[in-house]
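K.L.:
There's a structure below that I have some questions on.
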Amino acid sequence: MSKSPSNIAHSHQFTVSLVAAPARKPLSCLELCLVTVPHGICGLYERKLKELNPAIRNITYDIADLYNFIDGLADMSALVYDHSIHAYLPYDRQWIKQRTFHHLKKLAH
120 MSKSPSNIAH
130 SHQFTVSLVA
140 APARKPLSCL
150 ELCLVTVPHG
160 ICGLYERKLK
170 ELNPAIRNIT
180 YDIADLYNFI
190 DGLADMSALV
200 YDHSIHAYLP
210 YDRQWIKQRT
220 FHHLKKLAH
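Everything in the sequence shown is counted per our numbering, starting at 120 for the first residue and increasing by one.
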C-alpha cells in the first residue's frame, strides 16, 4: 500500500529534492543541488535573493515570488523514501509548492 503525498508530508520521511537550475551554460554544466523540502527550497531562494541584492540587509518575499522561482527552474522533483516499500517515490514541483506553502503557513502561526 503506497502512502498518499499528504500522509508522507506528515510522517518522518527523509525528503530529498533534486534541483536543476536554469541553464546558463551547456547542458552538461547544469547546476544540481540536494536540498530538503520545504525548508531547503526556501533557503535556496533566499540565497539567490541575497546574491542578486547584496546591499539589502533584510529581504522579504511572498509565496508568489517563491512559486515564480520554483517555476523558473529547468526541473525540480522530490524523491521521498517510503519505508513501507523500501523505495523512493517521485513527486513533482506542484507537490513541492504545496509542501512549501504548508511549511510557511505553519511558520506564520
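C-beta: ideal position from N, C-alpha, C; glycine also.
#1: Give me the DSSP bridge partner(s) of P209.
#2: Determine the burial state of K216: buried for a count of at least 16 other Cβ atoms within 10 Å of its Cβ, exposed for fewer.
#3: Can you list, in chain order, the residues of its chain with a C-beta nearer than 8 Å to that of M120? Leave out the 5 residues immediately preceding and following it.
#4: Which residues in the same chain as S169 place their Cβ atom closer than 7 Å to its Cβ, once the five residues preceding and following it in sequence are excluded?
#5: For L185, I'd like the list of residues in its chain whose CB is within less than 6 Å of its CB, leaving aside the five on either flank, ordered along the chain.
#6: Could you please give the first and the last residue of the uninterrupted alpha helix (DSSP H) stretch that includes L192?
#7: Using the rule of at least 16 other Cβ atoms within 10 Å of the residue's Cβ for burial, across every protein chain shown, is I182 buried or exposed?
P.N.:
If we stick to the structure as given:
#1: On the sequence shown, position 90 is the one that residue 209 refers to. L198, per the DSSP bridge assignment.
#2: Numbered from 1 along the sequence shown, position 97 holds the residue referred to as residue 216. K216 should be labelled buried.
#3: The residue you call residue 120 lines up with position 1 of the sequence shown. Residue placement at M120 is flagged as unreliable, the pLDDT there being 41, under the threshold of 50; the coordinate-derived value follows with that caveat. Only S203 meet the Cβ criterion.
#4: Translated into positions along the sequence shown, residue 169 becomes position 50. What sits at residue 169 in the sequence shown is Lys, not Ser. Apart from the 5 residues on each side of it in sequence, K169 sits with its Cβ closer than 7 Å to the Cβ of I178 in its chain, given in chain order.
#5: What you label residue 185 is simply residue 66 of the sequence shown in a count that begins at 1. Setting aside the 5 residues that flank it on each side, L185 is surrounded in the same chain by Y164, each with a C-beta closer than 6 Å to its C-beta; the list follows chain order.
#6: What you label residue 192 is simply residue 73 of the sequence shown in a count that begins at 1. From DSSP, L192 is part of no alpha helix (DSSP H); its letter is neither H nor E.
#7: Within the sequence shown, residue 182 is the residue found at index 63, counting from 1. Looking at its Cβ environment, which holds fewer than 16 other Cβ atoms inside 10 Å, I182 is exposed.
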